[in-house]
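Undergrad: Residue numbers (numbering that gives the first Met the number 0): 0 to 290.
For every residue, glycine included, the Cβ atom is placed at its ideal position computed from N, Cα and C.
The structure displayed is predicted, hence computed values, not measured ones.
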Amino acid sequence: MSDVKMTFWDHLDEFRKVLFRVIGVLFLLIIVAFFFKEPIFNVIFAPLNSDFVLYKGFNKLLDLVHLNGVESFDIQVMNIEIAAQFFTHLKVTFFVALIIGMPFFFYEFWSFIRPALYSNEKKAVKGTFGFAGMLFYAGLACGYFMVLPLTVKFLGTYQVSPEIPNQISLNSYIGMFLSLILVMGLVFEMPILAALLSRIGLISKELLKKYRRHAVVVLVILSAVITPSGDAFTMMIVAIPLYLLYEFSIIVSKSEKDQNKKEYGDEVEYEEIDEDDSDVDHYANNEATQS
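#1: Between ILE98 and THR156, which are expected to be in contact by the criterion C-beta below 8 Å, what is the C-beta distance as a whole number of angstroms?
#2: In terms of alpha-carbon separation, which member of LEU11, ALA82 and ASP50 lies closest to GLY68?
#3: What whole-angstrom Cβ distance do VAL251 and ALA194 have, given they're in contact under 8 Å?
#4: Whole alpha helix (DSSP H) runs in the stretch 79-145 with 4 or more residues, listed along the chain?
#5: Going by DSSP in three states, ASP73 sits in which element: helix, strand or coil?
#6: Since ILE191 contacts THR92 with CB under 8 Å, what's their CB separation in whole angstroms?
#7: Short check: CB of ARG211 to CB of LYS253, under 8 Å?
#8: What is the DSSP secondary structure of ASP275, counted as helix, strand or coil?
#9: LEU179 and GLY142: beta carbons closer than 8 Å?
#10: According to DSSP, is ASN67 helix, strand or coil?
#11: Have a look at GLN158 and VAL17 and give me their C-alpha separation to the nearest angstrom.
#12: May I have the straight-line CA-CA distance separating ILE220 from SER203, to the nearest angstrom?
#13: Tell me whether the beta-carbon of PHE72 lies closer than 8 Å to the beta-carbon of ASN48.
#14: In terms of residues, what are the limits of the alpha helix (DSSP H) holding ALA32?
#15: DSSP on ILE167, reduced to helix/strand/coil?
#16: How should MET308 be labelled, buried or exposed, when 16 other C-beta atoms within 10 angstroms of its C-beta is the threshold for buried?
#17: Take the Cβ of LEU53 as the centre, count every other Cβ of all protein chains shown within 10 Å, and call the residue buried at 16 or more, exposed below.
#18: With a threshold of 16 other CB atoms inside 10 Å of the CB of LEU147, please say whether the residue is buried or exposed.
Next comes the structure, spelled out in structure tokens:
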């Protein structure tokens with residue numbers, strides 16, 4: 000913990016500086032991203048056809064086992080509102096700037112709270128921030144390269160009747176794109192949440208192991224909801240990363256033994272201190288009586 004004492008107004012002034020730097024960098028990134036409209040939207044619209052990298056990989060794997068590959072498809076997106084394209088551009092620009100600037104924003108937040116922490120707390124929080132960031136970006140990648148394309152292909156090509164063509168609106172696709180990507184980023188924070196809950200004693204390694212089978216059922220259901228295509232292969236593609244996250248959550252969680260050791264170890268330490276203090280008081284009383 001820092002030895003420099005700061006008043007409430009000093010902390011408020013420091014927070015104001017951090018907030019200004021965050022807003023300034025975010026605004027700068029928004030401006031830069033705004034002028035990279037074409038490459039950004041090329042990335043966003045890439046999962047709409049069968050040339051996407053996921054389907055190319057599927058076709059190569061299926062060719063090895065002499066099975067039919069993914070059928071060719073090309074989903075068209077249309078705009079039905081006069082201002083939708085402009086506001087969609089702004090929304091996506093803000094999202095891209097926020098994702099790119101997130102490491103800097105976390106660093107600024109870390110620099111603000113760091114002086115108030117002890118050395119052991121600094122190491123723990125710093126490692127947690129870094130690991131949480133890596134998991135979040137891994138979740139975004141999983142959402143973009145796996146979950147989104149599979150969901151788009153099923154919903155975008157599904158028809159109740161051949162006479163009713165699908166006309167996907169721009170707002171509909173962008174909304175699903177952003178929500179799925181962010182949801183997967185948050186889902187990948189499962190190990191961090193498990194580690195925090197185990198530290199405060201709400202869950203334990205043994206509890207997660209005990210309910211592993213129940214968790215598998217829940218993860219399969221979640222995979223079916225995320226990818227509504229219904230085929231086992233697609234569900235497996237999504238369920239495997241989620242199950243690996245659950246297993247990793249077990250690894251990073253504390254056991255009941257460690258939790259009890261920490262809880263009762265502190266009490267024993269306090270009891271030893273009290274006994275030492277009582278011995279000192281007893282010795283002092285004896286000296287006073289003899290004198």
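TA: Taking the geometry as given:
#1: Taking the first residue of the sequence shown as 1, we reach residue 98 at position 99. Taking the first residue of the sequence shown as 1, we reach residue 156 at position 157. About 28 Å separates the two Cβ atoms, so there is no contact after all.
#2: Taking the sequence shown and counting its residues from 1, one reaches residue 68 at position 69. Checking every option, the nearest Cα to that of GLY68 belongs to ASP50.
#3: If you number the sequence shown from 1, residue 251 lands on position 252. If you number the sequence shown from 1, residue 194 lands on position 195. Confirmed, Cβ separation roughly 4 Å.
#4: 83-112 and 118-141
#5: Locating residue 73 in the sequence shown gives position 74, counting from the first residue. Strand.
#6: Against the sequence shown, residue 191 aligns to sequence position 192. Against the sequence shown, residue 92 aligns to sequence position 93. Not a contact, Cβ separation roughly 28 Å.
#7: Taking the sequence shown and counting its residues from 1, one reaches residue 211 at position 212. Taking the sequence shown and counting its residues from 1, one reaches residue 253 at position 254. No, they are not a contact pair.
#8: By one-based count along the sequence shown, residue 275 stands at place 276. Low local confidence applies: a pLDDT of 48 at ASP275 is under 50, so the model's placement there is unreliable, with the coordinate-based value given in what follows. Correct three-state label for ASP275: helix.
#9: Walking along the sequence shown from the start, residue 179 turns up at place 180. Walking along the sequence shown from the start, residue 142 turns up at place 143. Yes, the Cβ-Cβ distance between LEU179 and GLY142 is below 8 Å.
#10: As a first step, residue 67 is located in the sequence shown; it is residue number 68 there, counting from the start. Here ASN67 sits in coil by DSSP.
#11: As a working mapping, residue 158 is identified with position 159 in the sequence shown. As a working mapping, residue 17 is identified with position 18 in the sequence shown. Cα-Cα distance, rounded: 51 Å.
#12: As a first step, residue 220 is located in the sequence shown; it is residue number 221 there, counting from the start. As a first step, residue 203 is located in the sequence shown; it is residue number 204 there, counting from the start. Between ILE220 and SER203, the C-alpha separation is close to 24 Å.
#13: Mapped onto the sequence shown, residue 72 falls at position 73. Mapped onto the sequence shown, residue 48 falls at position 49. Cβ distance < 8 Å, so PHE72 and ASN48 count as in contact.
#14: Along the sequence shown, read from residue 1 onward, the residue named residue 32 stands at position 33. Counting along the chain, the alpha helix (DSSP H) containing ALA32 begins and ends at 7-33.
#15: As a position in the sequence shown, residue 167 is number 168, starting the count at 1. Strand, per DSSP.
#16: Nothing in the structure corresponds to residue 308, since the chain is present only between 0 and 290.
#17: Along the sequence shown, one-based indexing puts residue 53 at 54. Answer is buried; the Cβ neighbour count reaches 16.
#18: For the purposes of this step, residue 147 is identified with residue 148 of the sequence shown, where counting begins at 1. With 16 or more Cβ atoms within 10 Å of its Cβ, LEU147 is classed as buried.
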